[in-house]
Amino acid sequence: MSLSPINQRRLALFKANKRGWWSLWIFLVLFTLSLGAELIANDKPIVVRYDGEWYFPVFKRYAETAFGGEFPLQANYKSPYIQDLIAKKDGWMIWPPLPFDYASINYELQIPAPAPPSLVNWLGTDDQGRDVLARVIYGFRISILFALTLTLLSGIIGVIAGALQGYYGGWVDLVGQRLLEIWSGLPVLYLLIILASFVQPNFWWLLGIMLLFSWMALVDVVRAEFLRGRNLEYVRAARALGMRNSAIMFRHILPNAMVSTLTFLPFILTGAIGTLTALDFLGFGLPPGEPSLGELVAQGKANLQAPWLGITAFAVLALMLTLLVFIGEAARDAFDPRKGT
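Numbering (the working numbering), first residue to last: 445 to 785.
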């Protein structure tokens, strides 16, 4: 399907911003790799060939008895006992490039944890002996998925709220703006900490708490576009022809309002990542043991004698946020009608 002339122009403007264009490709490559984290960093082999049968431990749990063991417990594929059982049946295993997942502990460290980078642990270990690179890969994926989900839901709620205020105006707009002013005046981070202290937070609980406040970023932009668009001639004509208000709002005015809205989404994305990292750093984020970039920052602060922890956390967060900001700047230029190709 070919693009319309205006979308072709926007794509050309986006590509003309080389910094944003290459940032988009780098980000997509990193995000795609993180989606397959189990195939990159895992303490289970990807494929096991045993007694003429194929096994895929990355995707399915197998008991020790499946390989001739004695106990119906999950097989420990790093154990010499299991490896010998598989080898006796002319079997073999294919391991991921990094034989650790985010919770794996390296029990063969020659020095106390946190251990510095080595050929086994490429970015070293944290103070519990867990591989830092594995935790970075899984933490990167959680941060991006969390931020993308929050941005999508925030965009939907913010667009609906702004559209209703801008299109109907009057008391709807007046009451909505007063409620928005009160709600936006609340100390968000403190409220997040208080709410997170009542329950054991998890991915969805944190998402729900942060969604209470993140949707407000788009309301003013959408409201302004609808206030302007509701008085245009084609909107008046559609209203005179008896078209429903909902159809006018979301079929005729919303496509124009989405131009300015889309330019804000990458910056909401970076804000969501920053807030999640801050909560994890303070201990009010994801449950203990979950891969988290904020928890890695806290480990770097608590272990100043292990500078690789803090440097790794800073480098990953800086790279992630920089790429997203560059993408956002390119998107803003692409939708700016004043920009020329």
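Yeah, the Cβ is synthetic: ideal placement off N, Cα and C, and Gly gets one too.
Residue i to residue j span [Cα, whole Å]
i	j	result
P489	K522	9 angstroms
I588	F475	8 angstroms
I604	V619	15 angstroms
K745	N689	55 angstroms
L567	I549	14 angstroms
L468	P524	44 angstroms
R683	H696	11 angstroms
L768	F711	8 angstroms
R454	A778	5 angstroms
R622	G629	11 angstroms
N646	E734	9 angstroms
N747	R667	48 angstroms
P501	Y551	21 angstroms
Q452	E669	23 angstroms
G754	A578	15 angstroms
L737	W536	35 angstroms
L706	P699	11 angstroms
G613	A607	10 angstroms
Y634	K462	39 angstroms
F544	F503	15 angstroms
P731	D664	35 angstroms
Q572	F657	35 angstroms
I484	P541	6 angstroms
K615	L709	The displayed chain sequence assigns Trp, not Lys, to residue 615. Roughly 29 angstroms separates the two Cα atoms.
S679	G602	Here residue 679 turns out to be Val, not Ser, going by the sequence shown. Their backbone Cα atoms lie some 22 angstroms apart in a straight line.
W498	L479	24 angstroms
R672	L662	16 angstroms
P560	L763	22 angstroms
Q441	G686	Given a span of 445 to 785 for the chain in the structure shown, any question on residue 441 remains unanswerable.
Residues bridged to residue i (per DSSP)
i	result
R574	I549
I538	V491
T569	D575
A607	For A607, which the question treats as bridged, DSSP gives no partner whatsoever.
Q518	A507
A485	L542
Boundaries of the beta strand (DSSP E) in which residue i is found, first to last residue
i	result
Y494	491–494
W498	497–499
Identity of the residue in the options nearest residue i by Cα
i	options	result
L624	M660, F711, K745	M660
L594	G568, Y612, I653, N550	I653
G513	Y494, V502, F500	Y494
G772	S448, D724, I450, F458	F458
T509	V491, I530, F503	I530
G715	N565, A591, A701, S641	A591
G727	W648, N486, S641, P751	S641
G496	W465, M693, K532, L698	K532
Y582	L748, A481, N486	A481
L723	T707, L740, I712, F711	L740
D575	D487, F657, Y612, T705	D487
T766	W466, S628, R680	W466
Q554	N565, D545, A547	N565
I538	Q527, A507, A547	Q527
L472	V580, F584, S562, L447	F584
V760	Y499, G718, P449, P540	G718
A750	W648, P556, D545, K462	P556
Y546	D570, R680, A559	D570
M702	P732, K504, R776, T721	R776
P558	A774, L477, W752, I626	W752
Residue interval of the alpha helix (DSSP H) (run including residue i)
i	result
E669	663–673
E677	677–684
A759	751–778
D659	What sits at residue 659 in the sequence shown is Trp, not Asp. First-last for W659: undefined, no H or E at that position.
S704	698–706
S478	462–479
Q621	614–628
F711	709–726
A531	524–532
I740	Position check: residue 740 holds Leu in this sequence, whereas Ile was assumed. Here the alpha helix (DSSP H) through L740 covers 737–746.
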